[in-house]
Amino acid sequence: MRCRKCSHKAVLAIPRHNTAFCQSCLTDFVFRQIERAIHEEKMFTKTDRVLVAVSGGKDSLTLLDVLHRLGYATAALYVNLGIGEYSRASKSKVEQFTEPRGITLHVHEVQENEGAGINELSALIRRPTCSTCGTIKRYHFNRTAVEHDYTILATGHNLDDEAARLLGNVLHWQTDYLEKQGPSLPDSVEGFAKKVKPLYRLSEREIAAYAIVNRLDYIVEECPNSKGAKMLLYKETLNRLENESPGTKQMFYWGFLAKQKLESANRPSMAESDQAILRPCSKCSQPTTSGICGYCRMMARAQTV
Amino acid sequence: MKILFNHPVREVNIPGPKRVQDLLKELDLIPESVLVIRGDDLVTEDDTLRDEDCVEIRPVISGGAGEKASSRPEPGWAGEMGIIHALS
């Protein structure tokens, strides 16, 4: 198979775009898709300070690599969840990536700050591990961004993540969550950083291919807590559809975004809705819809059991 | 040829030569979910793998429970931060 742009040997076929790219043209393609996402969704500019949440995996390291190479002012945040060897290995990957590139790395240690690793905390409060993990990560992503004056918080969510999440929300008609499924969420109130997902135009396979051809040393092992997770089933199901009918994932998610934009003209903006319901948490001052935020309630519960 | 897998890590031998797309079909793998690496290089579905090749089949799917897409809604625990700024 030859590259459709330059006729060198292709390293990746992309059926959804009816094309194939060599190593160099694949890198160009990934750069273009990320720049297009940033511009079309008005995510940020080169004057913004961007904090990238990194896990050591292919998506977040690719995002950090591309933004850094494009000249954006980037720093990284790693939340160490204390999941034994998996966390040790992933933290090491992040450090090995950021150090030689001179990228500032912030680390939040869950074991030290919350008093226990994520598995122990989940057992204490009797919540599913992934749910506890999500609450802690979201909380510290935002808090670190705000406390260190980053205007933007960027995460490595890709097309597959967003399509799978949309499928899950639609299957269970969790319509409250649909409005927040865009790739760019505003800094509606004081205490909130703007949240963006610049990889939403790229599939996991395209991102993994970029990481491999650009020799990014990412953690291939999957989080041990994700075994059997519903998201993996949704992703596999979507990939089966994609295989039979290329373009299915982008039609599903991008189509949803297009409808969302059309309908937004008749609704209050997300920022207006947020401003109407958010107030500072009485314990930590982070924005919340109730008196005490979900993170503080969770930690209070952990301390009483 | 020697085939290396992740999740769990294991190794199998399959006689070559064989085209990548035929190998994936034989192993019942979805091409959209994996990449095939020979040495340090990616190979495409129409490439032919030789009997003496050593290749890694690397999964590209990752992710845990994700952001508020669970099969069980969590009354009282939906978490304002989750609803307002779902990130994970």
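For the record, the sequence lines run as chains A and B. The C-terminal residue of the first sequence carries number 309 in the numbering used here, and the numbering is unbroken. The C-terminal residue of the second sequence carries number 446 in the numbering used here, and the numbering is unbroken. Think of the CB as a built atom: it goes at the ideal place given N, C-alpha and C, for glycine as much as any other residue. Quantities reported herein were computed from a predicted structural model and do not represent experimental measurements.
Run the CB neighbour count on residue i, radius 10 Å, all protein chains shown included, and call it buried at 16 or more, exposed below.
i       : result
S286(A) : exposed
N371(B) : exposed
T179(A) : exposed
V70(A)  : buried
C10(A)  : exposed
G160(A) : buried
C412(B) : exposed
N117(A) : exposed
P272(A) : exposed
K253(A) : buried
R169(A) : buried
N215(A) : In the sequence on display, residue 215(A) carries Ala and not Asn. Counting Cβ neighbours within 10 Å, A215(A) comes out buried, since at least 16 surround it.
R147(A) : buried
L30(A)  : buried
In the DSSP assignment, find the unbroken beta strand (DSSP E) run with residue i in it and report its ends.
i       : result
K198(A) : K198 to V200
I415(B) : C412 to P417
F363(B) : K360 to F363
D399(B) : D399 to V401
T148(A) : Element bounds for T148(A): not the beta strand (DSSP E) but the alpha helix (DSSP H), T133 to E151.
Mind checking which residues open and close the alpha helix (DSSP H) that includes residue i?
i       : result
K95(A)  : G88 to R105
I42(A)  : Q27 to E44
A280(A) : M274 to I281
M380(B) : This sequence places Asp at residue 380(B); Met is not what is there. Looking at the DSSP string, the run of the alpha helix (DSSP H) that includes D380(B) is V378 to E384.
T308(A) : G298 to T308
V114(A) : V114 to N117
What residues of chain B sit near residue i, judged by a beta carbon separation below 7 Å?
i       : result
N247(A) : I388, P389 and E390
V150(A) : Simply none; closest approach about 12 Å.
L261(A) : The contacting residues do not exist; L261(A) stays about 15 Å from chain B at best.
V224(A) : N364 and R416
R244(A) : I388
Using a cut-off of 8 Å between C-beta atoms, extract the partners of residue i located in chain A.
i       : result
R368(B) : The contacting residues do not exist; R368(B) stays about 14 Å from chain A at best.
Cβ closer than 7 Å: which chain A residues qualify as neighbours of residue i?
i       : result
L393(B) : R209, A212, A213 and I216
By the criterion of Cβ-Cβ separation under 9 Å, what are the contact partners of residue i in chain B?
i       : result
E124(A) : Here the premise fails: no neighbours, minimum Cβ distance about 17 Å.
R130(A) : Correct list: empty, because the minimum Cβ distance to chain B is about 10 Å.
Does the beta-carbon of residue i, which I'm using as the reference point, lie nearer than 7 Å to any heavy atom of the ligand FAD?
i       : result
L237(A) : Questions concerning the ligand FAD fall outside what the structure shown contains, since it holds no ligand whatsoever.
Q: Return the residues of the stretch 53–72 of chain A that lie within a Cβ-Cβ distance of less than 8 Å from chain B, sorted by chain order.
A: The stretch 53–72 of chain A vs chain B, Cβ under 8 Å: A57, G61, K62 and D63.
Q.
By the 9 Å beta-carbon criterion, what residues does the stretch 395–406 of chain B contribute toward chain A?
A. For the stretch 395–406 of chain B, which is checked against every Cβ of chain A, the residues closer than 9 Å are I395, D398, D399, L400, V401, T402, E403, D404 and D405.
Q) When Cβ atoms are compared, which residues of the stretch 5–18 of chain A fall closer than 7 Å to chain B? A) Only M5, A14, V15, L16 and A17 from the stretch 5–18 of chain A bring a Cβ to less than 7 Å from some Cβ of chain B.
Q. Hey, which unbroken runs of the beta strand (DSSP E) at 3 residues or more fall wholly within the stretch 166–223 of chain A?
A. Unbroken beta strand (DSSP E) stretches of 3 residues or longer found wholly inside the stretch 166–223 of chain A: 198–200, given in chain order.
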